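Trainee:
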Amino acid sequence: LQEIPRAWQHYTNFALWLLLILATTAYVLIAGDIIRSVAMQGLEEQPLMLRNASLFASILLAVFPFCLQRSLHGLAAVSGFCSCAILAVVGLIVWEAQAIYLEGPPIEELAAVPSTRVRSVILAVPILGCAMFGHMNISQIYAELQPKAKAQAPLIAMVSCLGVVLLYMAVGCVGYAAFGSGATADVVAQIAARRGEGGLVIVIQSLLASFIVLKLPFLILPLRSVSLAILDPSADSNALPFQKHLGLTFVLFACVYVAAMVLPDLGKVLEVLGAVSVIPLTFIVPARLSWALETPRPVGRCLLLATVGLLASLLSAVAAFAS
């Protein structure tokens, strides 16, 4: 970034900061929806503690101590629990969905069909872009690996990505098999509506909520580093005095809380995030870096990347606000 104009550096840091703030906000919104769906059973009126202001604050306060960790090594137990929890959730979703399918496959009119609407494709681009930025901790993971393990880093990354793809495919396939084109964005909610809020469904929701809440520290780590780089580029986040470390973390949590209150719609958060931050960071910023650093200059590739990024970002923003 030092090789390109300072305005680009400022934009990149701001886009990364906004990306992580809104990504953390998205996790809070998802966790809140799951907790609310479990706690509202048998209730007609929403209690004060399940309203957005109280619920979002409770989630952030619960996870705040974990977010004070300065390294991924300090979060090893949390990471292990999250890995086990998501594997258990996928296994239980597959079990429940196949039971629904065996009870009676979806009628022919509800068979899964591809969507060819241009607007759907445009809205999917920023959401997929947000998913790709789940790998922002990879540099810190590599830095904390033991020297003998660093040679295996490419294999670790490949196995991790392959495992994630298989998990997504498993949930997607059984969801469409059970519900056809009637499948919605929340397969767990559909399973609960079809099978009732039984023991297995409550276990799925509880594990999923705990997984999402406990993933917040893994977003706060890079968010704190980016924030410190904006405020004081010479500062070392690991050497920051505890009082400043605590204060910075609290301010970042306050920003997430405000974002969740202002944008309580998960779909809107992901759309705005993708259009404003993710697509430019994925296409436009790399094109500018390549233009400045590579010799000979790859004019065609840079122009193609920049053009695709500008068009995708513009169309995504229009589609997001139009929705």
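Read the sequence shown against this note's numbering and you will find it ends at 1261, with the numbers running on by one and no gaps. For glycine and all other residues, C-beta sits at the position ideal for the given N, C-alpha and C. Everything numeric in this text was worked out from a predicted model, so none of it was measured.
Touch check for the region 971-983 and the region 943-959: three-plus C-beta pairs under 8 Å?
Mentor: With a cut-off of 8 Å, the region 943-959 and the region 971-983 do not count as touching, because too few Cβ pairs lie within range.
Trainee: Can the beta-carbon of S1017 be found closer than 9 Å to that of L1010?
Mentor: The residue given as residue 1017 occupies position 79 in the sequence shown. The residue given as residue 1010 occupies position 72 in the sequence shown. The answer is yes: Cβ separation under 9 Å.
Trainee: Whole angstroms is fine: what's the gap from V1200's alpha carbon to L1211's?
Mentor: For the purposes of this step, residue 1200 is taken as residue 262 along the sequence shown, with counting starting at 1. For the purposes of this step, residue 1211 is taken as residue 273 along the sequence shown, with counting starting at 1. Whole-angstrom Cα-Cα distance: 14 Å.
Trainee: Can you check whether the CB of A1130 is closer than 9 Å to the CB of L967?
Mentor: Looking up residue 967 in the sequence shown gives position 29. Looking up residue 1130 in the sequence shown gives position 192. For L967 and A1130, no; Cβs fall outside 9 Å.
Trainee: Curious, which full-length alpha helix (DSSP H) runs of at least 4 residues does the region 1127-1190 contain?
Mentor: Counting whole runs of 4 or more residues, the region 1127-1190 contains the alpha helix (DSSP H) stretches 1137-1152 and 1154-1169.
Trainee: Residues in the same chain with beta-carbon distance under 8 Å from P1202, minus the five sequence neighbours each way, listed in chain order, please.
Mentor: In the sequence shown, the residue the question calls residue 1202 occupies position 264. Correct list, in chain order: L967 and N990.
Trainee: Do the CB positions of I1217 and A1116 come within less than 9 Å of each other?
Mentor: In the sequence shown, residue 1217 corresponds to position 279, counting from 1. In the sequence shown, residue 1116 corresponds to position 178, counting from 1. For I1217 and A1116, no; Cβs fall outside 9 Å.
Trainee: Can you tell me the Cα-Cα spacing of D1174 and S1163, whole angstroms?
Mentor: To locate residue 1174, count along the sequence shown from 1; it is residue 236. To locate residue 1163, count along the sequence shown from 1; it is residue 225. Roughly 8 Å between the two C-alpha positions.
Trainee: Using the Cα positions of I997 and N1176, report the straight-line distance between them to the nearest angstrom.
Mentor: In the sequence shown, residue 997 corresponds to position 59, counting from 1. In the sequence shown, residue 1176 corresponds to position 238, counting from 1. Rounded to the nearest angstrom, the two C-alpha atoms are 26 Å apart.
Trainee: Would G1113 pass as a contact of I1031 if the rule is Cβ separation under 9 Å?
Mentor: Against the sequence shown, residue 1113 aligns to sequence position 175. Against the sequence shown, residue 1031 aligns to sequence position 93. The answer is yes: Cβ separation under 9 Å.
Trainee: Excluding five sequence neighbours on each side, which residues of the same chain lie with their C-beta closer than 6 Å to the C-beta of F1221?
Mentor: Working through the sequence shown from its first residue, we reach residue 1221 at position 283. Closer than 6 Å at the Cβ level, and outside the excluded window around F1221, lie L1243, V1246 and G1247.
Trainee: Report the CB separation of L1013 from V1207 in whole angstroms; it is logged as a contact under 8 Å.
Mentor: Here the question's residue 1013 lines up with position 75 in the sequence shown. Here the question's residue 1207 lines up with position 269 in the sequence shown. In fact, because the Cβ distance is near 24 Å, the residues do not count as touching under 8 Å.
Trainee: Since E1209 is in the alpha helix (DSSP H), which residue starts that stretch and which ends it?
Mentor: Within the sequence shown, the letter at position 271 stands for residue 1209. Residues L1204 to L1211.
Trainee: Using only CA atoms, which one of L957, T1187 and Q1143 lies nearest to A1023?
Mentor: In the sequence shown, residue 1023 corresponds to position 85, counting from 1. Comparing Cα positions, the closest option is Q1143.
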